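**Student:** Got a structure for you, questions after.
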Ligand SMILES: [Cu+2]
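Numbering (the numbering used here), first residue to last: 17 to 517.
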């Protein structure tokens, strides 16, 4: 059982190892006297498609979902497990001491029903993060919440608007997984080939890079380089009943009042279990200023891709004229959409359909290849390179890394403190995989052989047949997870760990 004492002990151990922690304690001695923020894991009921749905939630006693705090403060939180099963919460994108990272069986044991666990570590950087259960399939049932760390980017004249995206099914996640394993859950999707023939073709293609890499351009107007019928990706292998933005569908979307002529900061969090989206601002142009919490050289556009677990910080200048401005999230590869509505002045909110007139393209790396970190890693030769093939097949729904489906007995990947590490991620499958590293931010430094100083982030999409290299500094010793963030891929074994002291 995870006692409070064990957490406090691990925090103490970490404080001797991390000078920043000790410094921060000295600088703000009074902060430790304040009571921690309580987060309760709870069952709650929402309405989806006119029907009641029982889901989870992570809320403070005052009803606030998740946490909003400030950079430089300590993350002092007590998680109380108010549900009837074990749970453990991961602070996605943060860099805590490893025992507080919230991955059962890697960081520590789960919190039993009725139990609690304490967390206490310094917040090194600001931005848009989130928290979610890493226990079983609880994430599919919305055991997740925003984790916002305000910093100098937050301006008094700028209204913060959080958009949490999700995918929802009335079937239980266990049933969904069972159907995937049996292979009968694959929806016949318009224009999408079934996995088997495509996967068979893939085997004869080596890396399949030449055949499959989208060669060109824009994200609008179909799937660039993917129109030949060969090497189309498999997308959306779970058929969902609804796509949610802040718990709601477009039948009854959240309506947020904004100031005509004012500024807004959209913090978009893709907390869906399996679904990637294009954030579509309609006629408004947004300025993307951060991905996964980390600053980039701003990019102006009307549409931005967001893979599972990623975040986008988008600045918006609201026009002066009274108007409703939908912020839509369009499911990749299909015509489903969800979203919220920003309303400036006394404008009418028109009803928006849950289905767009045409299907969206698959996500590409076009934007990723253009992103440039504002605070890149110091240029340095890698001390260690891990090549990680993303492997698997739809038959039996087997997913793995380097053909190893993770179990508790799987040996961790090696690295050593102080090293610059590069992970070469090569997708040998027909599905895109959003790959997430715990406990460290990484920088995207190469796509398909082309080096560039890309975005610093914690989750990167690797589409079918593509090669993406990320670099990070091994500066947070411990035992850390690295995995595909598609929930059912992770559960099937697309997971590995790194361990160093
Ligand atoms: Cu995956």
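Ideal Cβ positions, reconstructed from N, Cα and C, are used throughout, including at glycine. Keep in mind it's a predicted model, so treat the numbers as computed, not measured.
Tell me the rounded alpha-carbon separation between residue 256 and residue 185.
**Tutor:** Distance between the alpha carbons of residue 256 and residue 185: 5 Å.
**Student:** Are at least three pairs of beta-carbons, each pair with one atom in the segment 137-152 and one in the segment 309-321, less than 8 Å apart?
**Tutor:** Touching, per the Cβ criterion.
**Student:** Does the beta-carbon of residue 518, which I'm using as the reference point, lie nearer than 6 Å to any heavy atom of ligand 1?
**Tutor:** Residue 518 is absent from the structure shown; the chain starts at 17 and stops at 517.
**Student:** Residues in the same chain with beta-carbon distance under 8 Å from residue 491, minus the five sequence neighbours each way, listed in chain order, please.
**Tutor:** 433, 434, 456.
**Student:** Is residue 413 helix, strand or coil by DSSP?
**Tutor:** Coil, per DSSP.
**Student:** Less than 6 Å separating the Cβ of residue 454 from some heavy atom of ligand 1?
**Tutor:** No, the beta carbon of residue 454 sits no closer than 6 Å to any heavy atom of ligand 1.
**Student:** For the segment 273-324, list the beta strand (DSSP E) runs that are entirely contained and at least 3 residues long, ordered along the chain.
**Tutor:** If we require 3 residues or more, the beta strand (DSSP E) runs fully inside the segment 273-324 come out as 279-286, 293-296, 302-307, 310-317, 319-322.
**Student:** Whole angstroms are fine: how far does the CA of residue 67 sit from the CA of residue 389?
**Tutor:** Spanning the two alpha carbons is a distance of roughly 44 Å.
**Student:** If distances are taken between C-alpha atoms only, which option among 60, 134, 79 comes closest to residue 93?
**Tutor:** With distances taken between Cα atoms, residue 93 lies closest to 134.
**Student:** Ligand 1 and residue 381: does the residue's C-beta get closer than 6 Å to at least one heavy atom of that ligand?
**Tutor:** Residue 381: no, Cβ never under 6 Å from ligand 1.
**Student:** Return yes when the Cβ of residue 411 is within less than 7 Å of the Cβ of residue 266, no when it is not.
**Tutor:** In this structure, residue 411 does not lie closer than 7 Å to residue 266 by Cβ.
**Student:** For residue 467, which residues of its own chain have a beta-carbon under 7 Å away from its beta-carbon, when the five flanking residues on both sides are left out?
**Tutor:** Within the same chain, residue 467 has close Cβ partners 461.
**Student:** Going by Cα to Cα distance, which pick from 428, 192, 136 is closest to residue 515?
**Tutor:** Comparing Cα positions, the closest option is 428.
**Student:** What separation, rounded to the nearest whole angstrom, lies between the Cα atoms of residue 315 and residue 198?
**Tutor:** Looking at the two C-alpha atoms, the distance is approximately 43 Å.
**Student:** For a quick check, are the C-beta atoms of residue 71 and residue 258 less than 7 Å apart?
**Tutor:** Contact: no.
**Student:** In three-state DSSP terms, what is residue 171?
**Tutor:** The answer is coil: DSSP assigns residue 171 none of H, G, I, E or B.
**Student:** Compute the distance between the beta-carbons of residue 375 and residue 339, then report whether it is under 7 Å.
**Tutor:** No, the pair does not count as a contact, with Cβ atoms beyond the cut-off.
**Student:** Is it right to say residue 504 is buried, meaning 16 or more other beta carbons lie within 10 angstroms of its own, or is it exposed?
**Tutor:** The residue is buried, with at least 16 neighbouring Cβ atoms inside 10 Å.
**Student:** Based on DSSP bridge pairs, tell me the residues matched to residue 86.
**Tutor:** 166.
**Student:** Excluding five sequence neighbours on each side, which residues of the same chain lie with their C-beta closer than 6 Å to the C-beta of residue 442?
**Tutor:** These residues qualify, in order along the chain: 405, 483.
**Student:** On the DSSP letters alone, give me the boundaries of the alpha helix (DSSP H) that residue 508 sits inside.
**Tutor:** Counting along the chain, the alpha helix (DSSP H) containing residue 508 begins and ends at 503-508.
**Student:** Taking 6 Å as the limit between beta carbons, can you name the residues of its chain near residue 56, skipping five residues before and five after?
**Tutor:** 75, 96, 98, listed in sequence order.
**Student:** Output yes or no for whether 7 Å exceeds the beta carbon distance between residue 87 and residue 163.
**Tutor:** Going by C-beta atoms, residue 87 is not nearer than 7 Å to residue 163.
**Student:** By how many angstroms is the C-alpha of residue 493 removed from the C-alpha of residue 90?
**Tutor:** C-alpha separation (whole angstroms): 19 Å.
**Student:** Could you check whether the Cβ of residue 510 sits closer than 6 Å to any heavy atom belonging to ligand 1?
**Tutor:** It does: the Cβ of residue 510 is within 6 Å (strictly closer) of some heavy atom of ligand 1.
**Student:** Quick one: does the C-beta of residue 266 sit closer than 6 Å to a heavy atom of ligand 1?
**Tutor:** No - ligand 1 has no heavy atom lying nearer than 6 Å to the Cβ of residue 266.
**Student:** Tell me where the alpha helix (DSSP H) around residue 346 begins and ends.
**Tutor:** Element bounds for residue 346: not the alpha helix (DSSP H) but the beta strand (DSSP E), 339-347.
**Student:** Taking DSSP as the reference, what is the three-state secondary structure of residue 466?
**Tutor:** Note: residue 466 maps to strand in three-state DSSP.
**Student:** Go ahead and pull the three-state DSSP assignment for residue 334.
**Tutor:** Coil, per DSSP.
**Student:** Is the beta carbon of residue 499 within less than 6 Å of some heavy atom of ligand 1?
**Tutor:** Checking every heavy atom of ligand 1 against the Cβ of residue 499, none is found closer than 6 Å.
**Student:** For the segment 158-175 against the segment 187-198, are there 3 or more C-beta pairs whose distance is under 8 Å?
**Tutor:** Verdict: no, contact absent.
**Student:** From this set, 303, 289, 58, 326, which residue's C-alpha is nearest residue 109's C-alpha?
**Tutor:** Selected option, being the one with the closest Cα: 326.
**Student:** Is there contact here, the segment 320-334 with the segment 289-309, by at least three beta-carbon pairs under 8 Å?
**Tutor:** Yes, the segment 320-334 is in contact with the segment 289-309.
**Student:** On the three-state DSSP scale, how would you describe residue 67?
**Tutor:** Residue state, collapsed to three classes: strand.
**Student:** Taking only three categories from DSSP, how would you classify residue 154?
**Tutor:** Helix at residue 154.
**Student:** Kindly indicate which residue of 446, 157, 122 has the alpha-carbon position closest to the one of residue 59.
**Tutor:** When only C-alpha atoms are compared, the closest one is 157.
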